[in-house]
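Residue numbers (the numbering used here): 123 to 534.
Even glycine gets a Cβ: it sits at the ideal position worked out from N, Cα and C.
Here's the structure we're looking at; comments come further down.
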Amino acid sequence: MFSFLKWFADAVPRAPKRPGLLMRLYYFWQEYFTSPGRAAAALFPVAMMAGGIPGFWAAWVFCGLDFLLFLGMVLSLFATARLTKISIDDVSVTPVFEGQTSKVSAVVSVHKSSVDSVLLSCFRLDPSLKCEEMDYTSISIKDGSKKLECFIRTTRRGAFPLKNISASVPEIMGLLRNPFDFQGTSELLVYPRPVKVGAFPFLTSGASGAVFAPLLMPSLTRGMNFVGVREYREGDSLRDLHHKAFARYGRPFTKEFETERGAGAILVLDTVAPSMSSRAYLEDAMRLAAGIGRWMLDQNILGRFFIDDEEISIQGLAGHDRMESLLESLSRIAPARIVGGKKSGPWSPAARPMDPVLRIGLYPKDDALIHKHIIVSSSKNPDFKSEHPDNTLFVDSAEIASALDREKEVNL
Numbered sequence: 123m124f125s126f127l128k129w130f131a132d133a134v135p136r137a138p139k140r141p142g143l144l145m146r147l148y149y150f151w152q153e154y155f156t157s158p159g160r161a162a163a164a165l166f167p168v169a170m171m172a173g174g175i176p177g178f179w180a181a182w183v184f185c186g187l188d189f190l191l192f193l194g195m196v197l198s199l200f201a202t203a204r205l206t207k208i209s210i211d212d213v214s215v216t217p218v219f220e221g222q223t224s225k226v227s228a229v230v231s232v233h234k235s236s237v238d239s240v241l242l243s244c245f246r247l248d249p250s251l252k253c254e255e256m257d258y259t260s261i262s263i264k265d266g267s268k269k270l271e272c273f274i275r276t277t278r279r280g281a282f283p284l285k286n287i288s289a290s291v292p293e294i295m296g297l298l299r300n301p302f303d304f305q306g307t308s309e310l311l312v313y314p315r316p317v318k319v320g321a322f323p324f325l326t327s328g329a330s331g332a333v334f335a336p337l338l339m340p341s342l343t344r345g346m347n348f349v350g351v352r353e354y355r356e357g358d359s360l361r362d363l364h365h366k367a368f369a370r371y372g373r374p375f376t377k378e379f380e381t382e383r384g385a386g387a388i389l390v391l392d393t394v395a396p397s398m399s400s401r402a403y404l405e406d407a408m409r410l411a412a413g414i415g416r417w418m419l420d421q422n423i424l425g426r427f428f429i430d431d432e433e434i435s436i437q438g439l440a441g442h443d444r445m446e447s448l449l450e451s452l453s454r455i456a457p458a459r460i461v462g463g464k465k466s467g468p469w470s471p472a473a474r475p476m477d478p479v480l481r482i483g484l485y486p487k488d489d490a491l492i493h494k495h496i497i498v499s500s501s502k503n504p505d506f507k508s509e510h511p512d513n514t515l516f517v518d519s520a521e522i523a524s525a526l527d528r529e530k531e532v533n534l
């Protein structure tokens, strides 16, 4: 119940799709005021309210002084902006896992005069993100440019556009600052935290696991048809050395065999949630899919990866790049909505798969193309079955959360 309430609270939008007047005033307050400037601006209405008390005339004195201070910092802001010209290039954003801190770096160049104080910052972020600015630094006209950094703390998975990356220069009084925006957009990818998968006996158990068992045998990972000979490359098996070619040419050669096309398991993440209660477990299903995908890549048995009916291209990539592609596709999945969503139906890829299929979903279903199902749910759910059939395994979402918090392995 607590996990459902937490998901429901997180699913409520924190920011409007289109900023109105109040949001634009907040953006102006955030981007153009420093911390001392916000304190000085907040003092003005407070002093006016205090001046309404009969006999408390001193509040109007503070109000007048603060108003004069505000006029002075507005004039100094225009003076500072007129003397400064800054550009931002080469912006890079480090992708991270949810809960980690991402680093944003950019090259800030000055063109007109030296800048005594400047910092890099990100504005208008998603409510789940928070920017941490570094200390102010100086850039001389002689150096021309300097690499600046800031950090973004993350709390949840997603693909977040960074539309307002700015180099902020404070005015002479230090109460206001002038942001120079990056003329472009960047993106922050926050990956789901993969669950560490230890033993995975469910994959090869029962009659439905017979199609997965040969994939874990090293002798069946390649074809048996001899194709030819090529020069030895680092990492090739020593058993495949061609001794006659080695003796003839004086350098090692390796036998080359025909690779079995399409050999490997197919992993499918089904994001369809037929009920509101099942939508609360979508994030845990993605974390489990990331962990199982990593386990399959380590075992070298992952052939193809699907999100619903769409195939994610991982073939032809190296091991690290395949995992990056898998995590990136998971981070781009839209979060589950309170109202609406996809309707359940049979799995229908563009071409009928010939290899064994493992599905990770939020509800059980029968599908002729799928050999095994892993259902992420709650043990308190009436449909949850601790004694699973041959081809279906129920995983408690609380077990996934506990494994991530304690950084321990999950045995499936």
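* To do: Compare the beta carbon distance of residue 272 and residue 247 with 7 Å and say whether it is the shorter of the two.
  => The residue you call residue 272 lines up with position 150 of the sequence shown. The residue you call residue 247 lines up with position 125 of the sequence shown. No.
* Pull up the CB-CB distance for residue 483 and residue 424, whole angstroms please, since I reckon it's below 8 Å. => Here residue 483 corresponds to residue number 361 of the sequence shown, with the count starting at 1. Here residue 424 corresponds to residue number 302 of the sequence shown, with the count starting at 1. The pair is not a contact, with the Cβ atoms about 18 Å apart (cut-off 8 Å).
* To do: If I'm right that residue 538 touches residue 276 with Cβ under 8 Å, what's the distance once you round it to whole angstroms?
  => Because residue 538 is not part of the residues shown, which for the chain are 123 to 534, the question remains open.
* Determine the direct distance from the alpha carbon of residue 215 to that of residue 447, and round the result to whole angstroms. => Position 325 of the sequence shown, counted from the first residue, corresponds to residue 447. Position 93 of the sequence shown, counted from the first residue, corresponds to residue 215. Going from the Cα of residue 447 to the Cα of residue 215 covers about 17 Å.
* **Opposing strand residues paired with residue 213 [DSSP bridges]** => The sequence position of residue 213 within the sequence shown is 91, counting from 1. Bridge partners of residue 213: none, in fact.
* Asked: CB residue 481 to CB residue 390, shorter than 7 Å?
  -> To locate residue 481, count along the sequence shown from 1; it is residue 359. To locate residue 390, count along the sequence shown from 1; it is residue 268. In this structure, residue 390 lies closer than 7 Å to residue 481 by Cβ.
* Taking the CB atoms as reference points, tell me whether residue 320 and residue 531 lie closer together than 7 Å. => As a working note, residue 320 is residue 198 in the sequence shown. As a working note, residue 531 is residue 409 in the sequence shown. Contact flag set, yes.
* From residue 197 to residue 295, what distance separates their C-alpha atoms? -> Within the sequence shown, numbered from 1, the residue matching residue 197 stands at position 75. Within the sequence shown, numbered from 1, the residue matching residue 295 stands at position 173. Spanning the two alpha carbons is a distance of roughly 10 Å.
* Buried or exposed by the 16-neighbour rule on C-beta atoms within 10 Å, applied to residue 406 -> Taking the sequence shown and counting its residues from 1, one reaches residue 406 at position 284. Residue 406 should be labelled buried.
* Quick one: which unbroken alpha helix (DSSP H) runs of 4-plus residues sit fully inside the segment 409 to 460? Chain order, please. => 441 to 453
* Between the CA atoms of residue 514 and residue 274 - distance to the nearest angstrom -> Against the sequence shown, residue 274 aligns to sequence position 152. Against the sequence shown, residue 514 aligns to sequence position 392. Roughly 40 Å between the two C-alpha positions.
* Looking at C-alpha atoms only, which residue of 492, 470, 235 is the closest neighbour of residue 478? -> If you number the sequence shown from 1, residue 478 lands on position 356. Among 492, 470, 235, the Cα nearest to that of residue 478 is on 492.
* What span of residues does the alpha helix (DSSP H) with residue 522 cover, start to end? -> As a working mapping, residue 522 is identified with position 400 in the sequence shown. First-last of the alpha helix (DSSP H) with residue 522: 519 to 528.
* To which residues of the same chain is residue 158 closer than 7 Å at the C-beta, ignoring the five residues directly before and after it? -> To locate residue 158, count along the sequence shown from 1; it is residue 36. Excluding sequence neighbours, residue 158 sits near 296, 297.
* To do: Mind checking which residues open and close the beta strand (DSSP E) that includes residue 365?
  => Within the sequence shown, the letter at position 243 stands for residue 365. That residue, residue 365, is in no beta strand (DSSP E); its alpha helix (DSSP H) goes 365 to 371.
* **Endpoints, beta strand (DSSP E) assigned at residue 481** => As a first step, residue 481 must be located in the sequence shown, where it is residue number 359. Where residue 481 is concerned, the enclosing beta strand (DSSP E) stretches over 479 to 483.
* Asked: Residues in its own chain within less than 7 Å of residue 417 by CB, not counting five upstream and five downstream?
  -> Against the sequence shown, residue 417 aligns to sequence position 295. For residue 417, where only same-chain residues beyond five positions count, the Cβ hits under 7 Å are 319, 322.
* Expressed to the nearest angstrom, what Euclidean distance is found between the alpha-carbon atoms of residue 435 and residue 453? -> As a first step, residue 435 is located in the sequence shown; it is residue number 313 there, counting from the start. As a first step, residue 453 is located in the sequence shown; it is residue number 331 there, counting from the start. If you take the alpha carbons of residue 435 and residue 453, they lie about 15 Å apart.
* beta strand (DSSP E) segment containing residue 403, residue limits -> Counting from 1 along the sequence shown, the entry for residue 403 is found at position 281. No beta strand (DSSP E) contains residue 403, which DSSP labels as neither H nor E.
* residue 299 versus residue 153: straight-line alpha-carbon distance, rounded -> Position 177 of the sequence shown, counted from the first residue, corresponds to residue 299. Position 31 of the sequence shown, counted from the first residue, corresponds to residue 153. Their backbone Cα atoms lie some 8 Å apart in a straight line.
* **residue 146, enclosing alpha helix (DSSP H) - first and last residue** => Position 24 of the sequence shown, counting from 1, holds the residue named residue 146. That run of the alpha helix (DSSP H) goes 143 to 154.
* CB of residue 213 within 7 Å of CB of residue 291, strictly -> The residue given as residue 213 occupies position 91 in the sequence shown. The residue given as residue 291 occupies position 169 in the sequence shown. Contact: no.
* Burial state of residue 371 (16 or more Cβ within 10 Å) -> Position 249 of the sequence shown, counted from the first residue, corresponds to residue 371. Exposed is the call here.
* Asked: Distance, Cα to Cα, residue 439 vs residue 148?
  -> What you label residue 439 is simply residue 317 of the sequence shown in a count that begins at 1. What you label residue 148 is simply residue 26 of the sequence shown in a count that begins at 1. Going by the C-alpha atoms only, they are around 45 Å apart.
* How many whole angstroms separate the CB atoms of residue 520 and residue 501, which I take to be in contact at a CB cut-off of 8 Å? -> On the sequence shown, residue 520 is found 398 positions in, with the first residue counted as 1. On the sequence shown, residue 501 is found 379 positions in, with the first residue counted as 1. Between residue 501 and residue 520 the Cβ distance is about 7 Å, and since that is below 8 Å, they are a contact.
* Asked: Is the distance from the Cβ of residue 232 to the Cβ of residue 208 below 7 Å?
  -> Counted from its first residue, the sequence shown places residue 232 at position 110. Counted from its first residue, the sequence shown places residue 208 at position 86. For residue 232 and residue 208, yes; Cβs fall inside 7 Å.
* **Host beta strand (DSSP E) of residue 299 (start-end)** => For this step, residue 299 is matched to residue 177 along the sequence shown. Taken as a continuous stretch (DSSP letters only), the beta strand (DSSP E) holding residue 299 covers 299 to 303.
* Select from 312, 283, 256, 397 the residue whose C-alpha is nearest the C-alpha of residue 485. => The residue you call residue 485 lines up with position 363 of the sequence shown. Closest option to residue 485, Cα to Cα, is 397.
* Asked: Using a Cβ-Cβ cut-off of 7 Å (strictly less than) and excluding sequence neighbours within five positions of residue 404, which residues of its own chain qualify?
  -> Counting from 1 along the sequence shown, the entry for residue 404 is found at position 282. The answer, listed in chain order, is 393, 395, 458, 484.
* To do: Report buried or exposed for residue 342, applying the criterion of at least 16 other Cβ atoms within 10 angstroms of its Cβ.
  => Here residue 342 refers to the residue found at position 220 of the sequence shown. With a pLDDT of 49 at residue 342, under the threshold of 50, the predicted position of this residue should be treated as unreliable, though the coordinate-derived value follows. Exposed: under 16 other Cβ atoms inside 10 Å.
* Out of 223, 222, 329, which has the shortest C-alpha to C-alpha gap to residue 512? -> Taking the first residue of the sequence shown as 1, we reach residue 512 at position 390. The option with the nearest alpha carbon to residue 512 is 329.
* Asked: Is it the case that the Cβ atoms of residue 317 and residue 220 are separated by a distance below 7 Å?
  -> Translated into the one-based positions of the sequence shown, residue 317 becomes position 195. Translated into the one-based positions of the sequence shown, residue 220 becomes position 98. No. Outside cutoff.
* CB residue 261 to CB residue 235, shorter than 7 Å? -> For the purposes of this step, residue 261 is taken as the residue at position 139 of the sequence shown. For the purposes of this step, residue 235 is taken as the residue at position 113 of the sequence shown. Cβ distance not < 7 Å, so residue 261 and residue 235 don't count as in contact.
* Asked: The beta strand (DSSP E) spanning residue 258 covers which residue range?
  -> Working through the sequence shown from its first residue, we reach residue 258 at position 136. Element bounds for residue 258: n/a, residue is neither H nor E.
* **Candidates 426, 368, 415, of which the one nearest residue 476 by Cα** => As a position in the sequence shown, residue 476 is number 354, starting the count at 1. For residue 476, the nearest C-alpha among the options comes from 426.
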